[in-house]
Amino acid sequence: MFTVENHRLQTEQLFRGLDQDHQGSVDKQTILYRLQRAGIDHTHQLFTELFDQLTQLPEHARIDCALFAQLTEHHLKPLAKCLQGELIIPDFHSFCREIETIYHHTAQLQSGHIANYIPELAKADPTKFAVSLCTVDGQQFSIGDTNSGFCVQSICKPFIYNTALEQLGETKVHQHIGREPSGQAFNELTLNKKGLPHNPMINAGAIMAASLISADKGNADRLADMIGLWQRASGNLSGIGFSNATHVSELDPADRNYALGYFMRENQAFPPNTNLTQTLEFYFQCCSIELTTQALACSAATLANAGICPLTGQCVFAADTVKNCLSLMYSCGMYDFSGEWAFTIGLPAKSGVSGAIMVVIPDLLGLTIWSPPLDTLGNSVKGIHFCQQLLQTYAFHNYDSVLKYGDKRDPRRQQHGWQFNITLTLLDAASRGDLDEVLRLAAIGVDLSSADYDGRTALHLAAAEGHLPLVCYLIKQIDDIAPLDRWGNTPLDDAQRGRHSSIITLLSGSD
Ligand code: GLU
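Under this note's numbering, the residue at position 197 of the sequence shown is numbered 197, and the numbers go up by one with no gaps.
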């Protein structure tokens, strides 16, 4: 009974939030617009039915509270989260405008060369440029050539590694593959001191991981499983395919990958009875899987969301698989730029020679940038530039959290939690009259006029407790010396209540 009543109240509250002109009904476009601004579309499974129902209504249909209740009956919670700014990026609209700005800025770059050692890749259009992102709540945004497909190439490596981990477990997999950056090119003819590939993010390691997967199956089935995995990770977004042309083209200049295979076989790195030709063939197939930036961003978001696809809620990878994968993407995912990337960008990522970069911001979002021209290390020129710009603006580096008071922005909902804690620290210092602590907080940029939920400020507390030196300091620092708390009281009221005459004099401005 309580739940039903609660549901009704929440529905009415949501409806009132939409019906801002108090007309008793809202246009269906109002609801669609609000969802769109939050980054939610029909591909999000929790909203698909709602979108279908709304689409069936006539173009200018008005929705009253009863109809709204009917439409939202099964979607109230996610809809409330979305309309009340409780998604992981509450102001998604503003965040996307920033992404657009960075995109247009990056689009002006002209440098780089398309990879041509695989003939099919050499045909890529150098002007193509697309960026997509998907948050762990399934908010999506794309800009640029987002309908063009491209091959994952090396970005298949995290997925091959994850599959091997899930089938064989960490111990067995790492009996065949190391976990150190190689410090050399992705296809360098080199193994570690144990005669194993350095890590699963370079060719040798991915070939080894491919040999471990479903060894009992033929390549047709292994490829079908891999495509199925990408489909699940990307929330069944359309656009996952396979480029036969690329696959055939990969076989041509494959000497280096064959050489790596034979080198590993010579070192007895493979499990017994490994069919090397079949293994290499499967690895090339995985590189030739095709998708769009939107699908890749959602797959990255699945990694950001501990293996659960944000669009479908389906568990695609176990959380410990994702943790292992992200750790190696962080240290080894960007070719011979990995150390510099970890230092400056500080995020797990994987790059591919088709010009795509898949970036994971754990617990926040997955991001994909695709632009074919590459720098000398094999990374997309625009991709790297875009990320550098993004990281200049936002506190997304893994260790930006230690710079709590830096000037980078953070669009995450939790930001308010940090702000709230800092306000409490300030108010606590004020109530104790701890001028030193208040000076320290001011020095690191804390807003001395910030208030708690009750509208209480440092000045209210210092005045109430009679801390004259602190009051003297605060009134010189802040503009408004008569802020109202939720009961309508100013700091002067507090000082009068405590009979602190010097402070009363100061705050009333009289002698
Ligand atoms: N298929 C490519 C190769 O094995 C993948 C290279 C890459 O994207 O790093 O050479």
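A virtual CB, placed ideally from N, CA and C, is assigned to each residue, including glycine.
None of these values were measured; they are calculated from a predicted model.
In DSSP terms, what residue i is bridged to
i, result
"aspartate 394", "Before going further, note that residue 394 is tyrosine rather than aspartate in the sequence given. Answer is Arg409."
"glutamine 515", "Since the first residue shown for the chain is 1 and the last is 511, residue 515 is missing from the structure and cannot be characterised."
"arginine 472", "It is cysteine, not arginine, that sits at residue 472 in the sequence shown. Its beta-bridge partners do not exist; DSSP assigns none."
"cysteine 151", "Glu290"
"histidine 113", "Leu374"
"cysteine 82", "Looking at the DSSP assignment, cysteine 82 forms no beta bridge with any residue, so it has no partner."
"valine 359", "Ala349, Leu367"
"valine 26", "Ile63"
"isoleucine 308", "Cys315"
"glycine 383", "DSSP lists no partner for glycine 383."
"phenylalanine 242", "Ile289"
Status (buried if at least 16 other CB within 10 Å, exposed otherwise) for residue i
i, result
"tyrosine 399", "exposed"
"arginine 16", "exposed"
"valine 248", "exposed"
"glycine 39", "buried"
"phenylalanine 2", "Unreliable positioning characterises phenylalanine 2 in this predicted model, as indicated by a pLDDT of 48, which lies under 50. The coordinate reading is nonetheless provided below. Exposed is the call here."
"tryptophan 370", "buried"
"glycine 509", "exposed"
"aspartate 137", "buried"
"tryptophan 487", "exposed"
"glutamate 340", "exposed"
"phenylalanine 68", "buried"
"aspartate 511", "Because the pLDDT at aspartate 511 is just 44, under 50, the model does not fix this residue reliably, and the value given afterwards should be weighed accordingly. With fewer than 16 other Cβ atoms within 10 Å, it is exposed."
"tyrosine 453", "exposed"
"arginine 412", "buried"
"arginine 440", "exposed"
"serine 502", "exposed"
"asparagine 6", "exposed"
"cysteine 286", "buried"
"tyrosine 283", "buried"
"glycine 228", "exposed"
"arginine 499", "exposed"
"histidine 74", "exposed"
"leucine 189", "exposed"
"valine 438", "buried"
"proline 469", "exposed"
"glutamate 290", "buried"
"tyrosine 330", "buried"
"arginine 222", "buried"
"glycine 112", "buried"
Near ligand 1: residue i beta-carbon under 7 Å from a heavy atom
i, result
"phenylalanine 263", "no"
"asparagine 379", "no"
"serine 371", "no"
"cysteine 82", "no"
"phenylalanine 186", "yes"
"cysteine 287", "yes"
"glutamine 392", "no"
"serine 154", "yes"
"glutamate 250", "yes"
"asparagine 116", "no"
"asparagine 267", "no"
"asparagine 219", "no"
"asparagine 244", "no"
"asparagine 203", "yes"
"asparagine 257", "yes"
Near ligand 3: residue i beta-carbon under 7 Å from a heavy atom
i, result
"glycine 352", "Ligands in the displayed structure: ligand 1; ligand 3 is not one of them."
Could you tell me whether the segment 110-119 touches the segment 292-309, where touching means 3 or more Cβ pairs closer than 8 Å?
no
Can you confirm whether the segment 150-166 touches the segment 187-198 when touching is taken to mean that 3 or more C-beta pairs between the two stretches lie within less than 8 Å?
no
Any contact between the segment 492-501 and the segment 458-472? By contact I mean 3 or more CB pairs, one from each, below 8 Å.
yes
Is it true that the segment 312-331 meets the segment 85-97, where meeting means three or more beta-carbon pairs spaced less than 8 Å apart?
no
Should the segment 206-218 be regarded as contacting the segment 154-162, the criterion being three or more beta carbon pairs within less than 8 Å?
yes
Taking 8 Å as the threshold, find out whether the segment 345-365 comes into contact with the segment 100-110 through three or more Cβ pairs.
no
Check whether the segment 40-55 and the segment 74-81 are in contact - that is, three or more C-beta pairs closer than 8 Å.
Segments in contact, yes.
Contact the segment 304-313 vs the segment 124-140: 3+ CB pairs below 8 Å
yes
Okay, do the segment 371-381 and the segment 420-435 touch, 3+ Cβ pairs below 8 Å being the bar?
no
Three or more C-beta pairs below 8 Å linking the segment 25-42 and the segment 55-74:
yes
Report yes or no: do three or more beta-carbon pairs, one from the segment 269-283 and one from the segment 254-261, lie closer than 8 Å?
yes
Segment contact flag, the segment 230-237 with the segment 170-179, C-beta cutoff 8 Å, min 3 pairs
No, they do not touch.
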